[in-house]
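Peer 1: Right, I'll just put the structure down here and ask away after.
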Amino acid sequence: MSIGAIIPSSGPLPLSLGVGEMAAAAESAGAASVWVSDHLLMVDAPVTGYPYSADGRPTWKATDDYLEALTTCGYLAAATTSCLIGTAALVIPQRNVLQLAKEVATIDRLSGGRFVLGAAAGWYEAEMNALGYGFGDRGRRLDEMLDVLQQCWTGRPAAYDGTTVHVPDGIVLHPTPAESQGPPLLVGGMTGPAVRRAASRGDGWLALAFVERWNPSDIAAALARFREQRHQRSGDAGYAALKLHCGPERHGELRECARQALDAGFDHVVVEPPWGLGVPLATQVIKDIVSASPPPVLPRRPRPPRRA
1 MSIGAIIPSS GPLPLSLGVG EMAAAAESAG AASVWVSDHL LMVDAPVTGY
51 PYSADGRPTW KATDDYLEAL TTCGYLAAAT TSCLIGTAAL VIPQRNVLQL
101 AKEVATIDRL SGGRFVLGAA AGWYEAEMNA LGYGFGDRGR RLDEMLDVLQ
151 QCWTGRPAAY DGTTVHVPDG IVLHPTPAES QGPPLLVGGM TGPAVRRAAS
201 RGDGWLALAF VERWNPSDIA AALARFREQR HQRSGDAGYA ALKLHCGPER
251 HGELRECARQ ALDAGFDHVV VEPPWGLGVP LATQVIKDIV SASPPPVLPR
301 RPRPPRRA
């Protein structure tokens, strides 16, 4: 059960199959977590710079339905009972930090402490600009937001005057998350800055790979770099999850790729079942992978107790 499942949030499947139905089916099949991706909007213009395709173009159309991630997580909380619910990954530099803190705490409380915040800097400049945030300073803004979020989850964040993030004195934010340290916070991305950020902030790293381009040596080397940097900065090994994308025609390779990732040392592997080939087949794929996997290691590390 060191296995989670990607729930599609774009294209026809989220509404035709139902995100709640897919999440409940994944949980029943043994998935320890379910995860959704994030984009708030697309711009009606040619898109380049997508880092996860050979030609730099997104794998979805601008006119596809794309469900808002945090709203969807709240819906999944009601559709499931025990699995973790995560974002993989939420582009937090294009959000207001106080509103985000409130939304995350609400989902975490309503789900009984089952939320995991996977956060990333983002790649889509036009989207971020349209939302009123600068693209060039998104890394700095992400760093500042990660610091402020954990303050917000105490219920009374201290005043903060950063370069891009500002919180006035006297703010009260309730409810607080289900646990005093807040929900687990994983930093996503495969670039050097993303791995360094994951090693120094939050609870760990959310990596990304594709079955179509799977290279176990490369992913093991990337994990080793994260572990080394994490130990240097924090004195612990940190937590490492891998989001493993897979086209439906390659689903027969998922089990072996997931096994290799777990053997390399990942704590959790989130697979993309072939939902487009039907829920019964997708759930059987999850069951097959879960049956060959060790018990889950869930993302959590001790933090200082909440201040009074």
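Residues 1 to 308 in UniProt numbering are what the sequence shown lists, from first letter to last. Note that beta-carbon positions come from the ideal geometry of N, C-alpha and C, so glycine has one too. Since we're looking at a predicted model, the values are computed, not measured.
#1: Give me the Cα-Cα distance between S53 and I171, rounded to the nearest whole angstrom.
#2: Hey, P58 and Y50: beta-carbon distance below 8 Å or not?
#3: So what does DSSP say about D161, is it helix, strand or coil?
#4: Report all residues from its chain with a CB closer than 6 Å to the CB of D263; omit the five preceding and five following residues, and keep chain order.
#5: If you pair each beta-carbon of the segment 38-47 with each one of the segment 125-132, do three or more pairs fall below 8 Å?
#6: Roughly how many angstroms lie between the CA atoms of G56 and T191, to the nearest whole one?
#7: Assuming contact is defined by CB atoms lying nearer than 8 Å, are G86 and W153 in contact in what I supplied?
#8: So what does V34 bridge to, in DSSP terms?
#9: Rounded C-beta distance between E179 and G113? I'm assuming under 8 Å.
#10: With a 10 Å radius around its C-beta and 16 neighbouring C-beta atoms as the bar for buried, classify R307 as buried or exposed.
#11: Can you pull the DSSP bridge partners for Y50?
#12: Helix, strand or coil: how does DSSP classify Y66 here?
#13: Under 8 Å by Cβ, that's how I've got L98 and V195 pegged, so tell me the actual separation to the nearest angstrom.
#14: What are the boundary residues of the alpha helix (DSSP H) that L110 is part of?
Peer 2: Reading off the structure:
#1: 42 Å
#2: yes
#3: Looking at D161 - three-state DSSP - the assignment turns out to be strand.
#4: none
#5: yes
#6: 16 Å
#7: no
#8: A5 and I85
#9: Between G113 and E179 the Cβ distance is about 6 Å, and since that is below 8 Å, they are a contact.
#10: Note that R307 has pLDDT 29, beneath the 50 cutoff, so the model's placement of it is unreliable and the number below is only indicative. That one is exposed.
#11: DSSP, once it has assigned bridges, lists no residue as partnering Y50.
#12: Strand.
#13: Their Cβ separation, rounded to whole angstroms, is 28 Å, which puts L98 and V195 out of contact at 8 Å.
#14: V97 to L110
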